[in-house]
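Single-structure report; data block below.
In full-length UniProt numbering, the protein residues as written are 1 to 370.
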């Protein structure tokens with residue numbers, strides 16, 4: 001009830017208190033100069049007007065800041081909305097989530113506030129209790145308009161339809177010269193390793209990835225593809241895995257693209273600098289060097305939804321290139337030796353895989369010839 005009254009943009013006071021609290025955070029970030037954030041705001045997909053309400057709140061309260069980007073977090077609670085009678089099937093949820101975005105892109109005058117708001121968020125996140133048992137994906141699974149039960153769809157089912165709609169939306173916006181969006185779901189905090197398999201195929205980056213420690217094959221795949229993993233160690237310590245058992249250091253030393261992030265800082269942090277808490281505690285416990293810290297921060301920038309222009313200012317003009325060529329030590333503070341080492345090891349792993357593939361192809365050819 002308190003959250004409904006104070007901490008939502010579309011409540012009884014039109015989100016005024018929520019905006020004022022958020023502005024305090026924004027002012028603090030702007031004052032610190034070197035800190036930027038990607039804050040989450042929720043869209044649940046209960047109705048078609050959720051987007052317009054959020055956009056109006058955003059513009060009315062002037063929530064834009066150069067130090068802050070926003071991501072849309074979608075709670076995967078279709079079963080709750082279906083049980084309450086707000087949704088008739090899963091397709092209705094998808095329509096509520098994406099139809100207004102397509103409409104605003106095609107005809108900005110139909111949703112003027114939403115069209116402007118769409119310039120200020122950078123991607124989609126998702127959140128769910130992954131530890132809950134779920135139905136396995138099977139070949140005869142129903143289409144969204146036929147999913148009309150209070151059973152929640154499987155994780156991979158949610159992920160695929162989110163990805164498909166974001167992909168189509170991005171293609172439309174790219175064709176019109178507009179900004180596009182990332183897909184960076186919560187994944188692998190708990191639950192089955194199949195969630196990580198689906199995310200590896202469909203997502204650009206993920207949050208958490210704790211379950212990856214249980215599958216060396218998937219961990220190797222995430223390394224080869226350099227899929228970003230934003231890990232919230234203090235949140236994980238309270239909810240799922242004690243700090244000294246966290247796989248973060250192992251991932252980092254093996255060359256996975258990991259970064260540190262906060263998750264629910266009001267619950268799990270004690271100061272006005274929650275991200276600094278994450279970095280300082282990790283540095284003290286694992287004795288991370290300044291080079292390690294800068295590399296982790298560099299990964300964070302690469303994974304973020306900030307524009308190319310901003311990333312060039314932070315990391316250098318050639319940050320998209322491979323190896324030492326992409327590194328500007330004056331901006332990243334990461335030595336070329338570290339960047340070169342990471343790149344050479346990754347290239348060697350890819351080369352070995354290529355050799356194995358070709359050797360097996362030759363063996364198959366010899367067998368057929370015989």
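Note that CB positions come from ideal geometry on N, CA and C, so glycine has one too.
(request) Quick one: grab the DSSP three-state call for residue 40. (result) strand
(message) Could you tell me the alpha carbon to alpha carbon distance between residue 268 and residue 280, rounded to whole angstroms?
(response) 15 Å
(message) Let me make sure I understand the geometry here. Which of 157, 75 and 178 has the alpha-carbon closest to that of residue 118?
(response) 178
(message) Nearest by alpha-carbon distance to residue 248: which of 207, 266, 273 and 225 is it?
(response) 207
(request) Quickly, what does DSSP pair residue 207 with across the bridge? List them, please. (result) 186 and 230
(request) Can you say whether residue 154 is buried or exposed, counting buried as having 16 or more other CB atoms within 10 angstroms of its CB? (result) buried
(request) Give the range of the alpha helix (DSSP H) segment to which residue 284 is assigned. (result) 274-286
(message) Once DSSP output is grouped into helix, strand and coil, what is the label at residue 402?
(response) The structure shown does not extend to residue 402, since the chain is modelled only from 1 through 370, so no value can be given for it.
(message) Just to confirm my understanding: we take residue 47, look at its own chain, exclude 5 residues before and 5 after, and list those with CB closer than 8 Å. What are they?
(response) 86 and 96
(message) Between 284, 44, 297 and 67, which has its C-alpha nearest residue 31's C-alpha?
(response) 67
(request) Check the C-beta distance from residue 226 over to residue 200 and give it rounded, since I have them as a contact under 8 Å. (result) Going by Cβ atoms, the distance from residue 226 to residue 200 rounds to 11 Å, so no, they are not a contact pair.
(message) So for residue 69, helix, strand or coil by DSSP?
(response) Residue 69 falls in the strand class under three-state DSSP.
(request) With a threshold of 16 other CB atoms inside 10 Å of the CB of residue 216, please say whether the residue is buried or exposed. (result) exposed
(request) Work out the CA separation of residue 147 and residue 250 for me, nearest whole Å. (result) Rounded to the nearest whole angstrom, the C-alpha separation of residue 250 and residue 147 is 41 Å.
(message) For residue 74, list the residues DSSP reports as bridge partners.
(response) 126
(request) Could you name the residues of the same chain whose beta carbon sits closer than 6 Å to that of residue 370, not counting the 5 residues immediately before and after it, in chain order? (result) A caution first: residue 370 carries a pLDDT of 49, below 50, which makes its placement in the model unreliable, though a value can still be read off. Around residue 370: no qualifying Cβ.
(message) Quick check on DSSP: helix, strand or coil for residue 258?
(response) Strand at residue 258.
(request) Helix, strand or coil for residue 263, going by three-state DSSP, please let me know. (result) coil
(request) Please confirm whether residue 260 and residue 231 have their CB atoms less than 8 Å apart. (result) Cβ atoms of residue 260 and residue 231: closer than 8 Å.
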